[in-house]
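Take a look at the structure below.
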Amino acid sequence: MPVFQDFTNKTKEKETNKLQLFYQLANDSLMIALKCHQCHNLETSDCYKIDERKITSFLKECPPNTLACAVKLKKAGIPEIFRECADNSWVCDARKFKCDKCKEDGCNSANDVKTNVLMSSINYLSKYWTVGVLVFMIVALLVLWCVLKLRSDANFD
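Quick note: to get my numbering, add 27 to the position in the sequence shown (first position is 1).
Below, the structure written as structure tokens:
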């Protein structure tokens with residue numbers, strides 16, 4: 028009897044796995060793709076004024092692996108704005124750009140980027156990290172030298 032019961036459990040497990048796979052495939056095929064504004068203002072000037080002019084011509088369907096819409100604003104030099112779909116591989120170089128991601132259709136139309144306080148603090152600290160480490164090392168070496176000097180002076184007495 029245990030052999031038959033074991034076989035029955037394995038069969039039910041396989042059917043459950045097949046059913047879960049079917050539901051996953053059905054959800055993936057029925058899922059409506061995210062629509063994001065996709066443009067670069069140096070290619071077309073209207074890209075910069077999407078929000079104020081209510082322009083929808085750049086609103087396009089993203090690939091299925093898209094997680095969010097993104098907007099990148101160049102921090103220095105010629106003002107540039109990139110509006111795009113963002114998947115797992117999307118990254119923002121915080122040294123050059125202010126970036127934001129959102130998860131609704133057309134949500135990347137604004138020209139301002141909400142700055143995350145934690146990220147801006149980390150960016151600020153990273154600029155001065157090497158200077159801070161250098162100062163710390165100099166102070167640590169100075170303290171070590173003083174301690175060794177005091178010990179050597181004490182040994183002569």
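Glycine included, C-beta positions come from ideal geometry on N, C-alpha and C. Predicted model only: the values in this text are computed from it and were never measured.
Cβ shell of residue i (< 7 Å), same chain only, five flanking positions each side left out
i, result
"CYS74", "CYS66, HIS67, ASN68, PHE85, ILE108 and ARG110"
Option nearest residue i by Cα separation, candidates the options
i, options, result
"PRO90", "ALA60, ARG122, ASN115 and SER116", "ALA60"
"ASP114", "ILE165, ARG122 and CYS129", "CYS129"
"LYS102", "VAL160, VAL170 and LYS123", "LYS123"
Residue environment, residue i, which counts as buried when at least 16 other CB atoms sit within 10 Å
i, result
"ASP127", "buried"
"ASN92", "exposed"
"CYS173", "exposed"
"LYS176", "exposed"
"VAL118", "exposed"
"LYS81", "exposed"
Helix, strand or coil at residue i according to DSSP, with G and I counted as helix
i, result
"CYS173", "helix"
"ASP180", "helix"
Own chain residues within Cβ distance below 6 Å of residue i, not counting five before or after
i, result
"TYR50", "With a pLDDT of 42 at TYR50, under the threshold of 50, the predicted position of this residue should be treated as unreliable, though the coordinate-derived value follows. Result list for TYR50: empty, nothing under 6 Å."
Extract the residue ranges of the beta strand (DSSP E) inside the stretch 51–125, only unbroken runs of 3 or more that lie entirely within it. 62–64, 86–88, 95–101 and 108–113
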